[in-house]
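Participant:
Number of protein chains: 2
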Amino acid sequence: MAQEKRREHQEPADETRGPNDELSRSLRDVLTLTSLVRVSLGRALQMPATDVEAMEHVMMAGRAGETLGPGELARRLGVTSAAATQTVNRLVGEGHLTRVRHTGDGRRQLLGVTGSGRRHVMGELLPLFALLAEASADLSPAERAGAQRYLDNVADAYRAFLARDSSTSAQ
Amino acid sequence: MAQEKRREHQEPADETRGPNDELSRSLRDVLTLTSLVRVSLGRALQMPATDVEAMEHVMMAGRAGETLGPGELARRLGVTSAAATQTVNRLVGEGHLTRVRHTGDGRRQLLGVTGSGRRHVMGELLPLFALLAEASADLSPAERAGAQRYLDNVADAYRAFLARDSSTSAQ
DNA sequence: TGGAATAGCTAAGCAACTTAACTATTTCCG
DNA sequence: CGGAAATAGTTAAGTTGCTTAGCTATTCCA
Numbered sequence: 001m002a003q004e005k006r007r008e009h010q011e012p013a014d015e016t017r018g019p020n021d022e023l024s025r026s027l028r029d030v031l032t033l034t035s036l037v038r039v040s041l042g043r044a045l046q047m048p049a050t051d052v053e054a055m056e057h058v059m060m061a062g063r064a065g066e067t068l069g070p071g072e073l074a075r076r077l078g079v080t081s082a083a084a085t086q087t088v089n090r091l092v093g094e095g096h097l098t099r100v101r102h103t104g105d106g107r108r109q110l111l112g113v114t115g116s117g118r119r120h121v122m123g124e125l126l127p128l129f130a131l132l133a134e135a136s137a138d139l140s141p142a143e144r145a146g147a148q149r150y151l152d153n154v155a156d157a158y159r160a161f162l163a164r165d166s167s168t169s170a171q
Numbered sequence: 001m002a003q004e005k006r007r008e009h010q011e012p013a014d015e016t017r018g019p020n021d022e023l024s025r026s027l028r029d030v031l032t033l034t035s036l037v038r039v040s041l042g043r044a045l046q047m048p049a050t051d052v053e054a055m056e057h058v059m060m061a062g063r064a065g066e067t068l069g070p071g072e073l074a075r076r077l078g079v080t081s082a083a084a085t086q087t088v089n090r091l092v093g094e095g096h097l098t099r100v101r102h103t104g105d106g107r108r109q110l111l112g113v114t115g116s117g118r119r120h121v122m123g124e125l126l127p128l129f130a131l132l133a134e135a136s137a138d139l140s141p142a143e144r145a146g147a148q149r150y151l152d153n154v155a156d157a158y159r160a161f162l163a164r165d166s167s168t169s170a171q
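Residue numbers (UniProt numbering), protein chains in the order written: chain R, 1 to 171; chain V, 1 to 171.
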């Protein structure tokens, strides 16, 4: 636990070997494990990992009061809209999603999760969420606040990074 | 993961819609953004996202004093050893990795990063690491400790989840 | 009203992945 | 010791999810 003092300005001089930050290291572990979990979920649910991810996005959006279409789904998944269409085709074909025309804007399609789709995915996801809830419940409020702030900072960092060359590579 | 005093009893009853935990939500955002960053890095570096990931793993291991072979790389990437071999073939072909026989165990191959490989990948990665370092440096020591503990808990949760059905789905 | 923009879909091709089978080396015992 | 089993890695073939390019339909806007 080498708790340094504040470092408002970091010199990138010697850091040619990556972040020696202990926190970045823990984050990196979580990210590696996440991609393993992704693969594992896909196998367990017998669907491509992207489709599982798609289901999560549609459900999360629903929870937030939004309704996604294939285009927005593509953006969140980091794939082309053509790929998202194919994912939606699969999921609708399996009875996990519904796709209905937006009343008022005929170009749009609105995606919804079916009951069976939710049950199917949640069967695997709920145990994971329970474990994650424990990971959070184990913390003191102060720790939780720190974790929250770090993650929000990291999200901002990622967004800044993505904005970097969105002209050349994004979309 | 120790300390279960808070909330020993969480009822999974109503939680059929996912985690309403604010922290889980922030984590989820980071994970979504991470996969977007992955894609973006692959595009920027003109290589498959898996290959970028592979380079990171080899470099991280090196920093930790380990030397990976294709098999261990496959495990960390969540792909088959055949896929890892192909990734290594590509990376060696591009001059980013070296592959030499392990002296003492002729079955093993040891992977190393070349100077040009490191430069190529780090050219894109360093700016990202700098942003992540800021995300951490912005925190107070107490906040950092909280974040650290949360991430370690999450890593444990993921490992527990992966161990769940490693008999049926893993590898 | 007509052109540009937006949303989505289709079709074809590609490339990264998987499975299955194989070689080479090492380890374990009988 | 010597042969079976285990381990590490590779090869070859086939699958499939993704991309690119081009298209239709609808809405915006000027």
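Built from N, CA and C at the ideal position, the CB exists for glycine as well.
Remember, predicted model here, so these are calculated numbers, not experimental data.
Hey, is V/Glu66's beta-carbon within less than 8 Å of any beta-carbon in chain R?
Facilitator: Not one chain R Cβ lies under 8 Å of V/Glu66.
Participant: Please report whether the beta-carbon of V/Gly87 lies at a distance below 8 Å from any beta-carbon of chain R.
Facilitator: It should be pointed out that residue 87 of chain V corresponds to Thr in this sequence rather than to Gly. It does not: the Cβ of V/Thr87 has no partner Cβ on chain R nearer than 8 Å.
Participant: Are the C-beta atoms of V/Val121 and some chain R residue less than 8 Å apart?
Facilitator: No - not a single Cβ of chain R is within 8 Å of the one on V/Val121.
Participant: Give the residues of chain V in contact with R/Ser35, contact being defined as C-beta atoms less than 7 Å apart.
Facilitator: Gly78, listed in chain order.
Participant: Quick one: give me the first and last residue of the alpha helix (DSSP H) that R/Gln148 is part of.
Facilitator: Here the alpha helix (DSSP H) through R/Gln148 covers 141–164.
Participant: Quick test of your reading: V/Ala84 and V/Leu73, contact by CB under 8 Å. State the CB separation rounded to the nearest angstrom.
Facilitator: Their Cβ separation, rounded to whole angstroms, is 5 Å, which keeps V/Ala84 and V/Leu73 in contact under 8 Å.
Participant: Under a Cβ-count criterion, where at least 16 other Cβ atoms within 10 Å of its own Cβ denotes burial, should V/Val100 be classed as buried or exposed?
Facilitator: So V/Val100 counts as exposed.
Participant: Using only alpha-carbon positions, find the residue among R/Leu91, R/Thr67, R/Glu66 that is nearest to R/Met47.
Facilitator: With distances taken between Cα atoms, R/Met47 lies closest to R/Leu91.
Participant: Would you say V/Val52 lies against chain R (beta-carbon separation less than 8 Å)?
Facilitator: No, no contact with chain R.
Participant: Expressed to the nearest angstrom, what Euclidean distance is found between the alpha-carbon atoms of V/Gly123 and R/Asp105?
Facilitator: Rounded to the nearest angstrom, the two C-alpha atoms are 44 Å apart.
Participant: Name the chain V residues whose beta carbon is nearer than 9 Å to that of R/Gly146?
Facilitator: In chain order: Leu139, Ser140, Ala142, Glu143, Arg144, Ala145, Gly146, Ala147, Gln148, Arg149, Tyr150.
Participant: Could you name the residues that DSSP lists as bridge partners for V/Gly112?
Facilitator: DSSP lists V/Thr98 as partners of V/Gly112.
Participant: Determine the direct distance from the alpha carbon of R/Ala147 to that of R/Arg6, and round the result to whole angstroms.
Facilitator: Residue confidence is low: R/Arg6 scores 39 on pLDDT, short of 50, so the model does not pin down where it sits. No coordinate-derived value is stated.
Participant: How about V/Gln109 and V/Gly69: do their beta carbons lie closer than 8 Å?
Facilitator: Yes.
Participant: Is R/Thr98 close to chain V? Criterion is C-beta to C-beta, closer than 8 Å.
Facilitator: Output row for R/Thr98: interface = no.
Participant: Tell me the residue span of the alpha helix (DSSP H) that contains residue 184 of chain R.
Facilitator: Outside the displayed span of chain R (1 to 171) sits residue 184 of chain R, for which this structure offers no information.
Participant: Kindly indicate the opening and closing residues of the alpha helix (DSSP H) around R/Pro70.
Facilitator: 70–77 is the span of the alpha helix (DSSP H), which, as asked, contains R/Pro70.
Participant: Could you give the C-beta distance for V/Leu45 and V/Val113, rounded to a whole number, given that I count them as a contact under 8 Å?
Facilitator: Not confirmed; about 14 Å, so no contact.
Participant: Cα-Cα, which of R/Met60, R/Arg63, R/Thr103, R/Ala54 is closest to R/Val79?
Facilitator: Measuring from the Cα of R/Val79, the nearest candidate turns out to be R/Ala54.
Participant: One question on the structure: do V/Arg118 and V/Met59 come within less than 8 Å of each other, judged by their Cβ atoms?
Facilitator: Yes. Within cutoff.
Participant: Between the Cα of V/Gly115 and those of V/Glu94, V/Thr32, V/Ala133, V/Leu36, spot the shortest distance and give me the residue it belongs to.
Facilitator: It is V/Glu94 whose Cα lies nearest to the Cα of V/Gly115.
Participant: What three-state label does DSSP hand R/Asn20 in the structure shown?
Facilitator: Note: R/Asn20 maps to coil in three-state DSSP.
Participant: Report buried or exposed for V/Thr87, applying the criterion of at least 16 other Cβ atoms within 10 angstroms of its Cβ.
Facilitator: Its Cβ being crowded by 16 or more others within 10 Å, V/Thr87 is buried.
Participant: Using C-beta distances below 8 Å, list every residue in its chain close to R/Val39, excluding the 5 sequence neighbours before and after it, in chain order.
Facilitator: Here the set comprises Ala49.
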